[in-house]
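Number of protein chains: 2
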Amino acid sequence: MLTIKHQNTIDNAVKANHERAFYSQYPEHPKAYGENAMEQGAEKYQQLLNKPYKQLLQTNEISWAGEELSPYSMEPLGVTYPIFDANTLVEKAAAAAPQWRNTIVSVRADILVETLEAIKDRFFEIAYATMHTTGQSFMMSFQASGPHANDRALEAIAMGYHEGTRYPATLLWEKPMGKTSLVLKKEFRAIPKGTGIVIGCSTFPVWNSLPGIFADLVTGNPVIVKPHPKAILPIAIAVSAIQQVLQEKGFSPNLCQLAADTSAAPISKTLCEHPGVQLIDYTGGSQFGNYVESLTGKTVFTEKAGVNSVIIDSVTDIDAVLQNLAFSVSLYSGQMCTAPQNFFIPQTGVTTTSGHLSFDEVVQKFKDAILSLVNNPKMGAGTLGALQNDTTLQRAHNANKLGAKVILEGQPIASEEFTHLRGYTPTLLEVNSSDKKIFEQELFGPVLLLIKTRDTNESIQLARQMAQQHGAITCAAYATNPEVKEKITEAMNSVFTPVSFNFTGFIWVNQHAAFSDFHVTGGNPAGNASFTNPEFILRRFVWVGNREVTGS
Amino acid sequence: MLTIKHQNTIDNAVKANHERAFYSQYPEHPKAYGENAMEQGAEKYQQLLNKPYKQLLQTNEISWAGEELSPYSMEPLGVTYPIFDANTLVEKAAAAAPQWRNTIVSVRADILVETLEAIKDRFFEIAYATMHTTGQSFMMSFQASGPHANDRALEAIAMGYHEGTRYPATLLWEKPMGKTSLVLKKEFRAIPKGTGIVIGCSTFPVWNSLPGIFADLVTGNPVIVKPHPKAILPIAIAVSAIQQVLQEKGFSPNLCQLAADTSAAPISKTLCEHPGVQLIDYTGGSQFGNYVESLTGKTVFTEKAGVNSVIIDSVTDIDAVLQNLAFSVSLYSGQMCTAPQNFFIPQTGVTTTSGHLSFDEVVQKFKDAILSLVNNPKMGAGTLGALQNDTTLQRAHNANKLGAKVILEGQPIASEEFTHLRGYTPTLLEVNSSDKKIFEQELFGPVLLLIKTRDTNESIQLARQMAQQHGAITCAAYATNPEVKEKITEAMNSVFTPVSFNFTGFIWVNQHAAFSDFHVTGGNPAGNASFTNPEFILRRFVWVGNREVTGS
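For the record, the sequence lines run as chains E and P.
Sequential numbering from 1 applies to the first sequence in full-length UniProt numbering.
Sequential numbering from 1 applies to the second sequence in full-length UniProt numbering.
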């Protein structure tokens, strides 16, 4: 009898996917992984620097290259990666495919959970690699690239297992025909679509890539992992771990290949347009994302840019609200795809349970809340992290030239620990609701816009319009009246944007929990895919039913 | 408490969708519907002729038109339909939408099953209308446009109900945080994508349209039904029945509008490109189908043309096989999208349990089997039916000029009952495997190609190539060796084509049973959609999750 080692884990994850209550397989506290794990991870990370990365089980590279730079030290990591010809990658994927395709989904899922366990053993290495490529704080690096990414991967595995076992593998179909009956032997096969590529981004190289990687693999497709050239190491470590388990289990490591490239010689378009590639997962800017979506004959999953709104109508405790929002906008310096950017506030101000505040009072309090967080020696630097690249730095630096009223001007971050850190504190701008030209663009990074509206109706109308035209992944709203809440919900949901109401305390709109929150809905220009709804899995394979007259 | 009248029907259908064993809600025997139902249906059909069709609950038409013609009498039906401006249709759909969208899926499903019951009461009218627009025999008209179509509709309703209730409407999400916990109130809404249009074809105006209509409706979207101008009446009756139930239940009949048009002033492109239309279901030729698939910003479901193959390797009883195939190719004169066209037979002939037959012997026996059926006074005319249009007649008539060896030349069908019937008996052609130019096109209608191959390997390779390049909805295969069977299965399934093995007796490759057989896989050029896999439903709405801090 077939033994599925991780059956219990898979079953629990399938159940969690359906129930959508709190569930996590991988604890988010670093302490859960042992006393010395962090220190050992730091050492292992140090040992990887300034040399070729040799842990991949891939051969036939044409050269070695690497161009990563720590936004904390502004020093190159010095790691180089094997570079492969696109044809080589696609051919090796195709060669590895049949054995995997012909392995039943429960065994595939079991092996893939085993790879997650192998990745878990490297969470801390991955965390340091994430920190020093993306600029995330250590804690965010650990959580986002470690337990949270693994939970998202398990979510995809579980959805793949559930969908792949949805119909009986074989059955007898018996149609009554008067005194006799007609019997057919039927079988249902979930046929994988073919080779996938997963194109990663520079800010969340693991979290945004694992779902696509595991969705491809669990549905029987080989996958080629194409990281951003400035953030390779974190996902290279994960791919190594996956390859090692695959090889141990008797499968080809080429089922999951790393396809590192360089800024000077990018490989993404060649891979996307390769006739041997059927599936594309992409996270990144909208321009390339729209190109990927336009490719015919490919099944495409995207997460692109968006403009996330906050609608402030009325609140219970304005200080609690603005503390929460100050943290949301400061977290990783606004470099999360879920970070709020546009704050719609009525010109008449905001009602609170302890009285009314004018628009200007709200603005002043928001500025104070941000300054209080940013200048907090225990919290500020760790919350803001560093800026992944110079473009984001320049955008932050030039935000005061956008034509808006500058409420708070950002400053270079002074860090005692990292004296060369690339960072910039948030810039807070005020505009009118007619200044659409300014606020209808994504200003990725630490730039916030407070938009003075006629009233909450206009706030809702503008937030909806931004989501519909430019995409949105989240919307936060503060309202105490149930009718206003339903009005906001209907408006934002109609453009396929979820709403988070009245967040205060230790929960932020930026956070989407695996097994419960769908990440991106797939319904507006922010992306056509969702972690992990059934479509994210189903579009990777095709149900085919064969029939046979019995006794033949 | 909410009472769902048809809960039991819905639950059984959901179960059947999963189990995929034999299941049918609507019996396929005319007798099941009462002694006088057929006669009454014939009378009702007669009463509809030569006058405007007034049963639709739609207003504001700009004119009346109709151009249907019976392929049996070659007389016009004389029925005219209200013609609407595209904008009017889209505006009315949008106006009707909110009430339906805000009705929970179980109530929508319940009302939709009620509409199926209303359609059931009109099965015989619809059957005669189908017969005299499509050219199907009465029995096929009854079954395909009646019980089989309703079963497919129920299948779509059940899938919509299942997917629409997959996640909890509301729940408490509680994350443990050491000694306390963080609690969020969450809700999941299945937001409909928007207005759908369903573009029908001239050969199966009901069967091919109901799944899209009911898939749109059950997921909360209004639908505009655009029939082929030569086959309006059958679906007009069904739409009337749906509208009447919707109105009785307090909803706008504009949730399901008929959009009849004329050959001279077609409306399909205008509707497809209308910014107010989000969903498109299309059945018909590949050229328009490819155009529909190329539209950006639309969710598209297609069933287009294909080239279906039969691979003959070895058989138990060649006479039983060829009788079965003769029926398959004669049924509705090859005008089913599932009809086989290309027969791949090795030049060395076919092994049977009672000895070996040469290629020429198989060809001769096939010819005899077709002639025996066609010339059978009890079976022939009723099996062949009539040809829907002159293009198909011309194609049949000119088949002997394709450059192939003519084994059996088709003849006009002589019918005593219908002296003016437009019909043509099957033409049987023989070609070599190198004559790809002849057999790689869909020859819709009663034209068959026997292709002499080097061996079964070449047969498989060619059948696979046809499916991959030109699409295929079915593949029949005859083989006694399990290894050969698996080889055929793997090859055809790899291009997302199902295989039916060793069909003899009262089961034909043309038939796809609701609740069990997926119709079209969606994986090859024959179409991108499948009746009814989960994707057929899921792509019509978007899951959106809202969150709120409790107590707020």
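Where is the CB? At the ideal position from N, CA and C, for every residue including glycine.
These numbers come from a predicted model, not from an experiment.
Coarse secondary structure for residue i, derived from DSSP in three states
i	result
Tyr167(P)	coil
Gly355(E)	strand
Arg540(E)	coil
Ile413(P)	coil
residue 613(E)	The requested residue 613(E) does not occur in the structure, where chain E is confined to residues 1 to 552.
Val509(P)	coil
residue 566(E)	The structure shown does not extend to residue 566(E), since chain E is modelled only from 1 to 552, so the question has no answer here.
Cys272(P)	helix
Asn481(P)	coil
Trp207(E)	coil
Phe327(P)	helix
Asp11(E)	helix
Ser73(E)	coil
Ile267(P)	coil
Ile318(P)	helix
Gln388(P)	coil
Pro82(P)	strand
Leu443(E)	coil
His397(P)	helix
Gln341(E)	coil
Leu2(P)	coil
Tyr291(P)	helix
Val374(P)	helix
Tyr332(P)	helix
Glu548(P)	strand
Proximal chain E residues relative to residue i, where beta-carbon distance stays under 8 Å
i	result
Trp543(P)	Phe518, Thr521, Ser530, Asn533
Met177(P)	Phe506
Tyr291(P)	Ordered by position in chain E, no residue passes the 8 Å Cβ test against Tyr291(P), which lies about 12 Å from the chain.
7 Å Cβ cutoff met for residue i and residue j
i	j	result
Ser415(P)	Leu408(P)	no
Leu182(P)	Phe506(E)	yes
Ser240(P)	Leu56(P)	yes
Thr425(E)	Gln411(E)	yes
Tyr23(P)	Ala16(P)	yes
Val218(E)	Leu116(E)	no
Trp508(E)	Ala190(E)	no
Met159(P)	Ile537(P)	yes
Lys401(P)	Glu430(P)	no
Ala463(P)	Ile235(P)	no
Ser328(P)	Thr383(P)	no
Ala467(E)	Phe501(E)	no
Cys475(P)	Ser309(P)	yes
Ile488(E)	Val499(E)	yes
Glu440(E)	His470(E)	yes
Neighbouring residues, chain P, relative to residue i (Cβ below 9 Å)
i	result
Ile460(E)	Under the 9 Å cutoff, chain P gives no residues; its nearest Cβ is about 14 Å from Ile460(E).
Contact list for residue i against chain E, beta-carbon separation under 7 Å
i	result
Arg189(P)	Asn493
Expected contact under 8 Å - CB spacing of residue i and residue j to nearest Å
i	j	result
Lys186(E)	Thr170(E)	7 Å
Lys193(P)	Leu279(P)	6 Å
Ile451(P)	Phe343(P)	6 Å
Gln58(P)	Gln247(P)	About 11 Å separates the two Cβ atoms, so there is no contact after all.
Cross-chain neighbours of residue i in chain P, by beta carbon under 8 Å
i	result
His18(E)	Arg166, Tyr167
Val549(E)	Phe501, Asn502, Phe503, Thr504, Gly505, Ile507
Arg539(E)	Glu535
Asn546(E)	Thr489, Asn493, Pro498, Val499, Ser500, Phe501
Neighbouring residues, chain P, relative to residue i (Cβ below 7 Å)
i	result
Phe22(E)	Trp173, Glu174, Lys175
- Item | Contacting positions in the region 180-207 of chain E - beta carbon closer than 8 Å to chain P | Leu182, Leu184, Lys186, Phe188, Arg189, Ile191, Lys193
- Message: What are the residues in the region 52-85 of chain E lying within 8 Å of chain P by C-beta distance?
- Response: none
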